[in-house]
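Please read the structure below before turning to the comments.
There are 2 protein chains.
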Amino acid sequence: MKIEHLVEQIYRKNSFLCIGLDTDLERIPNHLLNEESPIFSFNKAIIDATQHLCVAYKPNIAFYEAYGSIGWEALRRTIEYLNEFYPEIFTIADAKRGDIGNTSYRYAKAFFEDMDFDSITVAPYMGRDSVEPFLSFEDKHTILLALTSNEGAFDFQTKKIGERTLYEKVLETSISYKNSQNLMYVVGATKASYLAEIREIIPDSFLLVPGVGAQGGSLQEVCKYGMTENVGLLVNSSRGIIYASKDHDFAIAAAKKAKELQDTMAKELKKKN
Amino acid sequence: MKIEHLVEQIYRKNSFLCIGLDTDLERIPNHLLNEESPIFSFNKAIIDATQHLCVAYKPNIAFYEAYGSIGWEALRRTIEYLNEFYPEIFTIADAKRGDIGNTSYRYAKAFFEDMDFDSITVAPYMGRDSVEPFLSFEDKHTILLALTSNEGAFDFQTKKIGERTLYEKVLETSISYKNSQNLMYVVGATKASYLAEIREIIPDSFLLVPGVGAQGGSLQEVCKYGMTENVGLLVNSSRGIIYASKDHDFAIAAAKKAKELQDTMAKELKKKN
Chain W
1 MKIEHLVEQI YRKNSFLCIG LDTDLERIPN HLLNEESPIF SFNKAIIDAT
51 QHLCVAYKPN IAFYEAYGSI GWEALRRTIE YLNEFYPEIF TIADAKRGDI
101 GNTSYRYAKA FFEDMDFDSI TVAPYMGRDS VEPFLSFEDK HTILLALTSN
151 EGAFDFQTKK IGERTLYEKV LETSISYKNS QNLMYVVGAT KASYLAEIRE
201 IIPDSFLLVP GVGAQGGSLQ EVCKYGMTEN VGLLVNSSRG IIYASKDHDF
251 AIAAAKKAKE LQDTMAKELK KKN
Chain G
1001 MKIEHLVEQI YRKNSFLCIG LDTDLERIPN HLLNEESPIF SFNKAIIDAT
1051 QHLCVAYKPN IAFYEAYGSI GWEALRRTIE YLNEFYPEIF TIADAKRGDI
1101 GNTSYRYAKA FFEDMDFDSI TVAPYMGRDS VEPFLSFEDK HTILLALTSN
1151 EGAFDFQTKK IGERTLYEKV LETSISYKNS QNLMYVVGAT KASYLAEIRE
1201 IIPDSFLLVP GVGAQGGSLQ EVCKYGMTEN VGLLVNSSRG IIYASKDHDF
1251 AIAAAKKAKE LQDTMAKELK KKN
């Protein structure tokens, strides 16, 4: 997907919400467990109920891998369903991959070609030749971890390398990678106050922002410091939306939670214009 | 697997060779493509022909993911075969995972419980709470990326944070993680000269050393600077062994290549004692 189509969708829906599909058999409604593919049935119901309120879905690949080939098949059906029925929606494989060149290229082919995701999250630790294989796919996006939403982010990411922190170094260095126009970055909502400085290094790039909701980040703060001319934000919520209810009304309850976030987003977009 | 069983195996076989199962349908012999599961058939033949010469196998998960649920099923059959017929062999899921706590725990369950691998490779960028979920499994080992064998390692890993480089900081910090006795580290053979300093920080930990062979690292250098009282090394070769021939003799050719490395390893072990 081209960035302009994502931006166009954001303005049309008045939303920059990404819904995380962290689908867990222990947390989905019991009545779905008798379905042929409970994971896919859950995802389909959530997607159908919320697709008008969000612009992106982000399956967390760990949750699918945990169920082996069954989980993998459910992931494939989910992405195929999205691509067939809601092709305007931006899809993110939250996989946090990254390896030597020939291996990264395998991951890129799996997620971009075989499954046709629009984007994938990638860890930067192994540097240029672990990231560039992902960047070489046209109209596909590589979402590099910069400053993550968890406590462990302070172990290395915020440590100083000369004048810069490691995550700033990641931002700066990645700009020089081949096809860096295909880069986006993960910046946690729990660290929204860092966004002003981040925007000095990458003024226009899209940011995927986890940590609103279950992890406690503030949507208003994220918008205040992170929003750009083109919005430049995809704010993710996973558990807070998809597990709003464990009953037959789970999809309606999820839509209600998504609507609350979308309402706030609409206000922020109005404020901007 | 307990470390002492790995060490015992190393001395019994006079080998610290790990064989990387980077199984690629485009590189395996054509006659296998008619088999029900070409990937598993290839792996089984390689394993049967080389298991007396090595102490570990390391499937590179990207290569399996690239084939979706078929690849995933082949991976499962491979690990089940290893665990049933060669339970003394150390198994490594080369997955380079790492995410927020609840997600890392999912990956750990998938690879340690569901598939019963002995170990997994993990990326350190997200810090403590992304690594500790892996460390909490008894007799399972977390192989943290420290200094990787690729060119991109110089982007961030060798950059200075105060007196230390980032990879040294990763080594130092990880020692304070809960259950850090379950840690091993990836250190590329292409950077063997760094091993002396690495051994000052982690004198006894096992190192998984990729980059001998196709990537050009020297086995003798690795042993000179990296070997410990308990050997402390697993030296990996993937493509150099498994793709030694594309003909009907592929397994024999692989064993021949493995034997060459094992011969050198036997000499190094003799030198040590």
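Taken in sequence, the protein lines are chains W and G. As numbered in the numbering used here, the first sequence has no gaps in its residue numbers, which increase by one up to the final residue, 273. As numbered in the numbering used here, the second sequence has no gaps in its residue numbers, which increase by one up to the final residue, 1273. Cβ atoms here follow ideal geometry from the backbone N, Cα and C, with glycine treated the same way.
From this set, the options, which residue's C-alpha is nearest residue i's C-alpha?
| i | options | result |
| --- | --- | --- |
| Pro1124 of chain G | G:Trp1072, G:Glu1268, G:Asn1083 and G:Phe1156 | G:Phe1156 |
| Tyr243 of chain W | W:Lys44, W:Thr121, W:Ile3 and W:Pro29 | W:Pro29 |
| Phe1117 of chain G | G:Glu1080, G:Ser1104, G:Thr1023 and G:Ser1205 | G:Glu1080 |
| Asp129 of chain W | W:Gly162, W:Ser119 and W:Thr173 | W:Thr173 |
| Tyr1086 of chain G | G:Ala1049, G:Gly1071 and G:Asn1102 | G:Ala1049 |
| Glu1088 of chain G | G:Arg1012, G:Lys1044, G:Asn1043 and G:Ser1104 | G:Arg1012 |
| Gly226 of chain W | W:Glu268, W:Ala253 and W:Asp263 | W:Glu268 |
| Glu168 of chain W | W:Tyr64, W:Ile10, W:Leu195 and W:Ile143 | W:Leu195 |
| Ile1010 of chain G | G:Arg1027, G:Glu1036, G:Leu1053 and G:Ser1037 | G:Leu1053 |
| Gly68 of chain W | G:Asp1114, G:Arg1027, G:Pro1210 and G:Ile1252 | G:Asp1114 |
| Tyr1105 of chain G | G:Val1131, G:Asn1083 and G:Phe1090 | G:Val1131 |
| Phe63 of chain W | W:Asp94, W:Gln51 and W:Val55 | W:Asp94 |
| Lys1270 of chain G | G:Asp1247, G:Leu1006, G:Ser1015 and G:Ile1003 | G:Ser1015 |
| Gln1051 of chain G | G:Pro1038, G:Leu1017 and G:Asp1263 | G:Leu1017 |
| His1248 of chain G | G:His1031, G:Ile1019, G:Arg1027 and G:His1005 | G:His1031 |
| Ile47 of chain W | W:Arg27, W:Glu84 and W:Glu36 | W:Glu84 |
| Glu4 of chain W | W:Asn182, W:Asp263 and W:Pro133 | W:Asn182 |
| Asn102 of chain W | W:Thr158, W:Thr148, W:Pro133 and W:Val122 | W:Pro133 |
Less than 8 angstroms separating the beta-carbons of residue i and residue j?
| i | j | result |
| --- | --- | --- |
| Gly98 of chain W | Lys1096 of chain G | yes |
| Tyr185 of chain W | Leu207 of chain W | yes |
| Leu1021 of chain G | Lys1058 of chain G | yes |
| Tyr1177 of chain G | Leu1145 of chain G | no |
| Met1126 of chain G | Ala153 of chain W | yes |
| Ala1074 of chain G | Ala110 of chain W | no |
| Ser237 of chain W | Leu261 of chain W | yes |
| Gly217 of chain W | Ala255 of chain W | no |
| Ala1192 of chain G | Glu1221 of chain G | yes |
| Ile1061 of chain G | Ile1092 of chain G | no |
| Asn1150 of chain G | Ile120 of chain W | no |
| Gly1240 of chain G | Lys1257 of chain G | yes |
| Val187 of chain W | Val209 of chain W | yes |
| Ala1251 of chain G | Ala1045 of chain G | yes |
| Leu1006 of chain G | Phe1090 of chain G | yes |
| Ile161 of chain W | Ile1161 of chain G | yes |
| Arg1027 of chain G | Lys1246 of chain G | yes |
In chain order, what residues of the same chain lie with their CB nearer than 7 angstroms to the CB of residue i, ignoring the 5 residues before and after it?
| i | result |
| --- | --- |
| Phe1137 of chain G | Ala1108 and Phe1112 |
| Leu1043 of chain G | Strictly speaking, residue 1043 of chain G in this sequence is Asn, with Leu absent from that position. Once the five neighbours on either side are set aside, the close Cβ partners of Asn1043 of chain G are Leu1021, Thr1023 and Thr1078. |
| Phe1040 of chain G | Ala1074, Arg1077 and Thr1078 |
| Ile70 of chain W | none |
| Asp1139 of chain G | Met1001 and Lys1002 |
| Leu1082 of chain G | Ile1047, Tyr1057, Ile1089 and Thr1091 |
| His141 of chain W | Asp118, Ser119, Asn182 and Met184 |
| Arg35 of chain W | Going by the sequence as given, residue 35 of chain W is Glu instead of Arg. Correct list, in chain order: Ser41. |
| Pro38 of chain W | Leu25, Ile28 and Leu32 |
At the 8 angstroms Cβ level, is residue i part of the contact set with chain C, yes or no?
| i | result |
| --- | --- |
| Glu35 of chain W | The structure shown contains no chain C; its protein chains are W and G. |
To which residues of the same chain is residue i closer than 8 angstroms at the C-beta, ignoring the five residues directly before and after it?
| i | result |
| --- | --- |
| Asp1204 of chain G | Thr1228, Glu1229, Asn1230 and Gly1232 |
| Leu33 of chain W | Leu25 |
| Ser180 of chain W | Leu135 and Ser174 |
| Ala1072 of chain G | Per the sequence shown, the amino acid found at residue 1072 of chain G is Trp instead of Ala. So the list reads Tyr1064 and Glu1065, once near-sequence residues are dropped. |
I want to check one thing, is the minimum distance from the CB of residue i to the heavy atoms of the ligand GTP below 7 angstroms?
| i | result |
| --- | --- |
| Thr1142 of chain G | Ligands displayed in this structure: none; no statement on the ligand GTP is therefore possible. |
Grab me the residues of residue i's own chain with a C-beta within less than 6 angstroms of its C-beta, minus the 5 sequence neighbours each way, in chain order.
| i | result |
| --- | --- |
| Leu171 of chain W | Ala146, Ile201 and Ile202 |
| Thr1158 of chain G | Thr1165 |
| Ala253 of chain W | Ala244 and Ser245 |
Runs of beta strand (DSSP E) wholly within the stretch 1177-1255 of chain G (minimum 3 residues, chain order)
1183-1187, 1207-1209 and 1233-1237
Alpha helix (DSSP H) runs contained entirely in the stretch 1119-1180 of chain G, provided each spans 4 or more residues:
Qualifying alpha helix (DSSP H) stretches, in chain order: 1128-1135, 1153-1156 and 1166-1174.
Which complete alpha helix (DSSP H) runs does the stretch 11-51 of chain W hold, if anything under 4 residues is left out?
38-50
So does the stretch 1199-1213 of chain G actually touch the stretch 1225-1237 of chain G, counting three or more Cβ pairs closer than 8 angstroms?
yes
Please specify which runs of the alpha helix (DSSP H), each continuous and at least 4 residues long, are wholly inside the stretch 1060-1120 of chain G, giving them in chain order.
1061-1065, 1068-1085 and 1101-1108
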